[in-house]
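2 protein chains.
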Amino acid sequence: MNNHTKIFGEASTILEIKKKEIILEMGEVENYLSFIIKGSVVIITYHNGNEICIGFSIENSFFSSYVSFLTRKSSQYQVVALEDTTIERIDFESLQVGYSLSAYHQEKGRKIAEQLYIKGSQRAFSLITKTAEERYLEFIETYPNLLQRIPLKYVASYLGVTPVSLSRIRNKIAKH
Amino acid sequence: MNNHTKIFGEASTILEIKKKEIILEMGEVENYLSFIIKGSVVIITYHNGNEICIGFSIENSFFSSYVSFLTRKSSQYQVVALEDTTIERIDFESLQVGYSLSAYHQEKGRKIAEQLYIKGSQRAFSLITKTAEERYLEFIETYPNLLQRIPLKYVASYLGVTPVSLSRIRNKIAKH
DNA sequence: CAATTCTATTTACAAATGATAAGAAATCAA
DNA sequence: TTGATTTCTTATCATTTGTAAATAGAATTG
Numbered sequence: 144m145n146n147h148t149k150i151f152g153e154a155s156t157i158l159e160i161k162k163k164e165i166i167l168e169m170g171e172v173e174n175y176l177s178f179i180i181k182g183s184v185v186i187i188t189y190h191n192g193n194e195i196c197i198g199f200s201i202e203n204s205f206f207s208s209y210v211s212f213l214t215r216k217s218s219q220y221q222v223v224a225l226e227d228t229t230i231e232r233i234d235f236e237s238l239q240v241g242y243s244l245s246a247y248h249q250e251k252g253r254k255i256a257e258q259l260y261i262k263g264s265q266r267a268f269s270l271i272t273k274t275a276e277e278r279y280l281e282f283i284e285t286y287p288n289l290l291q292r293i294p295l296k297y298v299a300s301y302l303g304v305t306p307v308s309l310s311r312i313r314n315k316i317a318k319h
Numbered sequence: 144m145n146n147h148t149k150i151f152g153e154a155s156t157i158l159e160i161k162k163k164e165i166i167l168e169m170g171e172v173e174n175y176l177s178f179i180i181k182g183s184v185v186i187i188t189y190h191n192g193n194e195i196c197i198g199f200s201i202e203n204s205f206f207s208s209y210v211s212f213l214t215r216k217s218s219q220y221q222v223v224a225l226e227d228t229t230i231e232r233i234d235f236e237s238l239q240v241g242y243s244l245s246a247y248h249q250e251k252g253r254k255i256a257e258q259l260y261i262k263g264s265q266r267a268f269s270l271i272t273k274t275a276e277e278r279y280l281e282f283i284e285t286y287p288n289l290l291q292r293i294p295l296k297y298v299a300s301y302l303g304v305t306p307v308s309l310s311r312i313r314n315k316i317a318k319h
């Protein structure tokens, strides 16, 4: 990963994270906007004792507990590395300094917000319009081979179903 | 509405829309980012012949078929006025010109994207973590008295259930 | 390598939601 | 206002999904 050109410029830092390492705890304020150079992370929350997967990010995409980052309030989510992962990240203050320096940085910040909006919006669209089975097939399209890289239980809660239900869906599809 | 200070400045226009009027057709490219001065709009799509409500916007909030607006691709959504509505809106080109003129405009654009992200993200969170009943109660909290202003069927599909199911939920709540 | 822990599947039953149809209530338009 | 249309509720039955428990399979750790 030596040929990675920094996304955020000088103010950012490169970080290596081991698999299963917690990048952000629930309740903390998210202080970073991050870009994945290699690996994958999952954003999780807990509800009635169940682990619920809010979203994944893989190489060449941004992640953050972004609402916490934007609002400076404590995060509803935990962020965990699913594999050994390398990220580039910039802290909130440095980013604001960047914004204040130039329209270029403002534009970059806007485009990241827009990109994250598009991703989140497609998620909500799927949850509303599609069945669990359709969402599973869509997941496979969107994240080819991620299925082989991470535990199924995350995929299940990401799709909004239990692991048991996902198992039934996979079984049904396999029978075609 | 004469005391409305323009959000987008000179390049924007004020528009009055009658109830039930279609502001954007499905398949068209969204050319505006809009701010509601008075009234409400609903963003709709159709799936398997069913009308599905993607989201509402009410006075003092922004709306757009935003993914279409950002990507310049045809809109998956229709936008309709739920009541007689007054909006201020700016077209894509003018907004880009604004962006190119100053960091101030870039910042404004970024903040709108962030605000829309936060709204969308809370939606997905609710769909994943909450039951239909909980989402209904949350809806009432988020949009007090909107229930009295618009047809229930939109609320149902917004919550991700059928009108029949919503009716059962309301019945159950009323019995407490 | 063995033991332990974590994941995934399967089954049986319960609960929630969907589909359809019928009728009541509300809204709209002439 | 009156009739027509749209919206909302209720009932029935089918389907999906959830819960719990048992088991099998993987992965991890010492």
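First to last, the sequence lines map onto chains R and U. For the first sequence, this note's numbering begins at 144 and goes up steadily by one. For the second sequence, this note's numbering begins at 144 and goes up steadily by one. Even glycine gets a Cβ: it sits at the ideal position worked out from N, Cα and C.
**Message:** For L176(U) and K318(R), I'd like the C-alpha separation in whole angstroms.
**Reply:** About 47 Å.
**Message:** Please classify I165(U) as buried or exposed, where buried requires at least 16 other C-beta atoms within 10 Å of its C-beta.
**Reply:** It is exposed - the Cβ of I165(U) has fewer than 16 other Cβ atoms within 10 Å.
**Request:** Can you pull the chain U residues whose beta carbon is under 9 Å from the beta carbon of V307(R), in chain order?
**Result:** Per Cβ cutoff of 9 Å: no residues; V307(R) is ~17 Å from chain U at best.
**Prompt:** For S300(R), which option in S208(R), I197(R), R215(R), E226(R) has the closest C-alpha, if you only look at C-alpha atoms?
**Reply:** Of the candidates S208(R), I197(R), R215(R), E226(R), I197(R) places its Cα closest to the Cα of S300(R).
**Asked** From what residue to what residue does the beta strand (DSSP E) around L176(R) run?
**Response** Its beta strand (DSSP E) spans residues 175-181.
**Item:** Length of the line joining the Cα atoms of S185(R) and T156(U)
**Value:** Looking at the sequence provided, one finds Val at residue 185(R) rather than Ser. Approximately 43 Å, taken between the alpha carbons.
**Asked** Taking Cβ-Cβ distances below 7 Å as the criterion, which residues of the region 249-266 of chain U are in contact with chain R?
**Response** Under the 7 Å Cβ criterion, the region 249-266 of chain U contributes Q249, E250, G252, R253, A256, E257, L259, Y260, I261, G263, S264, R266.
**Request:** Could you tell me which chain U residues have their CB closer than 8 Å to the CB of G303(R), listed as they occur along the chain?
**Result:** Result: L270, I271.
**Asked** Which residues, in chain order, does the region 200-234 of chain R contribute to contact with chain U at a C-beta distance below 8 Å?
**Response** So the list reads Y209, V210, L213, T214, Q219, given in the order they occur along the chain.
**Request:** Look up M144(U) in the DSSP assignment and say whether it is helix, strand or coil.
**Result:** Interpretation of M144(U) is limited by its pLDDT of 47, a score under 50 that renders its predicted location unreliable; no figure is taken from the coordinates.
**Positions along the region 184-195 of chain R whose CB lies within less than 8 Å of some CB in chain U** = Hits within the stretch, in order: T188, H190, I195.
**Prompt:** Per DSSP, I165(U) is paired with what?
**Reply:** DSSP lists V223(U) as partners of I165(U).
**Asked** When the Cβ atoms of the region 222-240 of chain R are set against those of the region 218-235 of chain U, are three or more pairs found closer than 8 Å?
**Response** With contact defined as three or more Cβ pairs closer than 8 Å, the region 222-240 of chain R and the region 218-235 of chain U are not in contact.
**Request:** Find out if the Cβ-Cβ distance for the pair S211(R), E153(R) is shorter than 8 Å.
**Result:** Contact: no.
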